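J.:
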Amino acid sequence: MPRTSRNASGRGNNPTPRTSLKAIVMASWLGLTPCLCAGPESRPAPAQPPPARGPESRQDGKPDAAQTQPKPKAKTGRSSKGRLRRDPPGFYMGRPIADVMSWEGVDWLFRETRIEEEQPEAMLDALKIPRGATVADVGAGAGYHSIRLARRVGSKGIVYATDVQPEMLRMLRTNARTAGVSNIKPIRCTQADTGLPAAAIDLVLMVDVYHECSDPEATLQGLRAALKPRGRLVLVEFRAEDPQVPIKPEHKMTLEQVRREIEPQGFTFKESLEFLPWQHVIIFEKPAPPKTQADGGSPSGPGDPGTTQPNPKSGR
Ligand SMILES: C[S@@+](CC[C@H](N)C(=O)[O-])C[C@H]1O[C@@H](n2cnc3c(N)ncnc32)[C@H](O)[C@@H]1O
Numbered sequence: 012m013p014r015t016s017r018n019a020s021g022r023g024n025n026p027t028p029r030t031s032l033k034a035i036v037m038a039s040w041l042g043l044t045p046c047l048c049a050g051p052e053s054r055p056a057p058a059q060p061p062p063a064r065g066p067e068s069r070q071d072g073k074p075d076a077a078q079t080q081p082k083p084k085a086k087t088g089r090s091s092k093g094r095l096r097r098d099p100p101g102f103y104m105g106r107p108i109a110d111v112m113s114w115e116g117v118d119w120l121f122r123e124t125r126i127e128e129e130q131p132e133a134m135l136d137a138l139k140i141p142r143g144a145t146v147a148d149v150g151a152g153a154g155y156h157s158i159r160l161a162r163r164v165g166s167k168g169i170v171y172a173t174d175v176q177p178e179m180l181r182m183l184r185t186n187a188r189t190a191g192v193s194n195i196k197p198i199r200c201t202q203a204d205t206g207l208p209a210a211a212i213d214l215v216l217m218v219d220v221y222h223e224c225s226d227p228e229a230t231l232q233g234l235r236a237a238l239k240p241r242g243r244l245v246l247v248e249f250r251a252e253d254p255q256v257p258i259k260p261e262h263k264m265t266l267e268q269v270r271r272e273i274e275p276q277g278f279t280f281k282e283s284l285e286f287l288p289w290q291h292v293i294i295f296e297k298p299a300p301p302k303t304q305a306d307g308g309s310p311s312g313p314g315d316p317g318t319t320q321p322n323p324k325s326g327r
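Residue numbers (my numbering): 12 to 327.
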């Protein structure tokens, strides 16, 4: 059963042996073979990470936190009852912020069971990303989705692949080269600065990343600025509603918590797709600017009419 076989390099509940070196070398070799890596279930070949410094994982199976994560500050905001709320350090809206997954655990991102557990091609199919689109894979890691996105948007499209860990980006570059894609632009970002160009992005994808953001408001404001009007922000998060999903609690999120955090930052909830075995695919939109009288619209009209229509196929 794939639901119980999590790898020790990652964030599963049950420590099991790491992906073997042989498997990674095999995957690299497959990535060099164009006819095999173009298929829908193909994986980008993982580059070998540099030798680990110190222990690779703690007793509980999750890799040590990356050194790049700044100490979270206390956050203030309004509670649902309008009272001033102050989160203790390391929390946001009552949720513990997860440690950044260290690059030393990169094998977990390329585990063989990931295809079945996360179905990356089906997830991307559902987003209907057009060829020629400009997309951002935020928290790209070593490029598991960036390379798939690069193939989908084609040579006229661009994939900005951002990460806070330079080691991840080094592996991503190698993987992109091996996979033969040349339309990925890696960007070293920080928790406070996405590094993305303004109003340039059609779709931002964050797979298993948002819950690690130690400054969520700064990250979301940066992403909002980077998106074009009506651009989409897509969060893929392990379902905290489901105790059967074998991921540590701080690496899972409920749909309710995601909406509570994202919507106040100027995003409109569109729908939540619930067809993946373990993950929510939660889609938000950056509203278009309100029409002015000069455009022929009402000066005080809503910027994003119609976004409250329920989608019968979604988990809304
Ligand atoms: C669990 S990994 C997922 C990587 C990739 N999305 C995947 O699915 O293979 C999370 C990644 O997000 C990165 N990360 C955490 N916070 C970030 C932030 N605010 N901006 C960009 N990257 C971030 C981490 O460095 C790590 O590489």
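From the three backbone atoms N, C-alpha and C, an ideal C-beta is built for every residue, glycine too.
Given the structure is predicted, the values throughout are model-derived calculations rather than measurements.
Helix, strand or coil: how does DSSP classify PRO55 here?
T.: Because the pLDDT of PRO55 is 44, which lies under 50, any placement of that residue in the model is unreliable, and the number read from its coordinates should be weighed accordingly. Of the three classes helix, strand and coil, the one that applies to PRO55 here is coil, per DSSP.
J.: Would you check whether ligand 1 has a heavy atom nearer than 7 Å to the C-beta of MET179?
T.: At least one heavy atom of ligand 1 is nearer than 7 Å to the Cβ of MET179, so yes.
J.: Suppose the cutoff is 7 Å on Cβ atoms and the five residues either side in sequence are ignored; what does the same chain contact list for THR145 look like?
T.: So the list reads GLY168, ILE169, ALA211, ILE212, ASP213, once near-sequence residues are dropped.
J.: For CYS46, collect the residues of the same chain with a Cβ closer than 6 Å to its Cβ; drop the 5 residues on either side in sequence, then sort them by chain order.
T.: Low confidence applies to CYS46: its pLDDT is 27, below 50, so where it sits in the model is not reliable, and the reading given next is rough at best. Hits under 6 Å: none found.
J.: Assuming ASP213 is part of the beta strand (DSSP E), what are its boundary residues?
T.: Here the beta strand (DSSP E) through ASP213 covers 212 to 218.
J.: Take SER166 as the anchor and find which of ARG184, GLY143, ARG235, ALA187 has the nearest alpha-carbon.
T.: It is GLY143 whose Cα lies nearest to the Cα of SER166.
J.: Where DSSP assigns a beta bridge to GLN290, which residues make up the other side?
T.: DSSP output for GLN290 lists PHE249 as bridge partner(s).
J.: Are TYR221 and GLU248 close, meaning C-beta to C-beta below 8 Å?
T.: In contact: TYR221 and GLU248 (Cβ atoms closer than 8 Å).
J.: Check each candidate in LEU120, ALA209, SER157 and name the one with the smallest Cα separation from ARG184.
T.: Measuring from the Cα of ARG184, the nearest candidate turns out to be SER157.
J.: I need the straight-line Cα distance from GLU128 to ILE258, nearest angstrom please.
T.: Cα-Cα distance, rounded: 12 Å.
J.: Closer than 7 Å: is that where the CB of LEU284 sits relative to any heavy atom of ligand 2?
T.: For the structure depicted, ligand 2 is absent and the ligand set comprises only ligand 1.
J.: Once you ignore the five residues that flank ARG163 on each side, which residues in its own chain have a CB closer than 6 Å to its CB?
T.: If we look at ARG163 and ignore the five residues flanking it on each side, its Cβ neighbours are ILE140.
J.: GLU272 and TYR103 look like a contact to me (Cβ under 8 Å); what is the Cβ gap, rounded to whole Å?
T.: Yes, they are in contact, since the Cβ atoms of GLU272 and TYR103 sit about 7 Å apart, within 8 Å.
J.: For a test of the three-state rule: what should DSSP assign to LEU207, helix, strand or coil?
T.: Three-state DSSP puts LEU207 in coil, outside helix and strand.
J.: Helix, strand or coil: how does DSSP classify PRO298 here?
T.: If DSSP states are grouped into helix, strand and coil, PRO298 belongs with coil.
J.: Would you mind stating whether ALA209 and ALA237 have Cβ atoms separated by less than 8 Å?
T.: Closer than 8 Å, so yes.
J.: What did DSSP end up calling SER283 once you bin it into helix, strand or coil?
T.: In the structure shown, SER283 sits in a strand (DSSP, three-state: E or B).
J.: Tell me the rounded alpha-carbon separation between THR189 and CYS200.
T.: Each residue's alpha carbon lies about 23 Å from the other.
J.: Considering only the alpha carbon of each residue, which of TRP119, ARG125, GLU115 lies closest to TRP289?
T.: The shortest C-alpha separation from TRP289 is found at ARG125.
J.: Would you check whether ligand 1 has a heavy atom nearer than 7 Å to the C-beta of LEU244?
T.: Checking every heavy atom of ligand 1 against the Cβ of LEU244, none is found closer than 7 Å.
J.: Which first and last residues belong to the beta strand (DSSP E) in which PRO257 is found?
T.: Per DSSP, PRO257 belongs to no beta strand (DSSP E) and is neither H nor E.
J.: Roughly how many whole angstroms lie between the Cα atoms of HIS262 and GLY307?
T.: About 46 Å.
J.: Would LEU138 pass as a contact of VAL245 if the rule is Cβ separation under 8 Å?
T.: Their beta carbons are under 8 Å apart, which means LEU138 touches VAL245 by this criterion.
J.: Which residue comes first and which comes last in the beta strand (DSSP E) that contains ALA172?
T.: Counting along the chain, the beta strand (DSSP E) containing ALA172 begins and ends at 169 to 174.
J.: Given that a residue counts as buried once 16 or more other Cβ atoms are within 10 Å of its Cβ, and exposed if not, what is PHE286?
T.: By the neighbour-count rule (16 or more Cβ atoms within 10 Å), PHE286 is not buried but exposed.
J.: Taking buried to mean at least 16 other C-beta atoms within 10 Å of its own C-beta, is GLN328 buried or exposed?
T.: What is shown of the chain runs 12 to 327, which leaves residue 328 out entirely.
J.: How about GLN290: is its Cβ closer than 7 Å to a heavy atom in ligand 1?
T.: Not so, every heavy atom of ligand 1 lies at least 7 Å from the Cβ.
J.: Ligand 1 heavy atoms versus the CB of ALA172: any closer than 7 Å?
T.: Incorrect: ALA172 has no Cβ contact closer than 7 Å to ligand 1.
J.: Considering THR145, what are the terminal residues of the beta strand (DSSP E) in which it resides?
T.: That run of the beta strand (DSSP E) goes 145 to 149.
J.: Going by alpha carbons, who is nearest to MET182 out of PHE121, VAL292, PRO100, THR205?
T.: Nearest C-alpha to MET182: PHE121.
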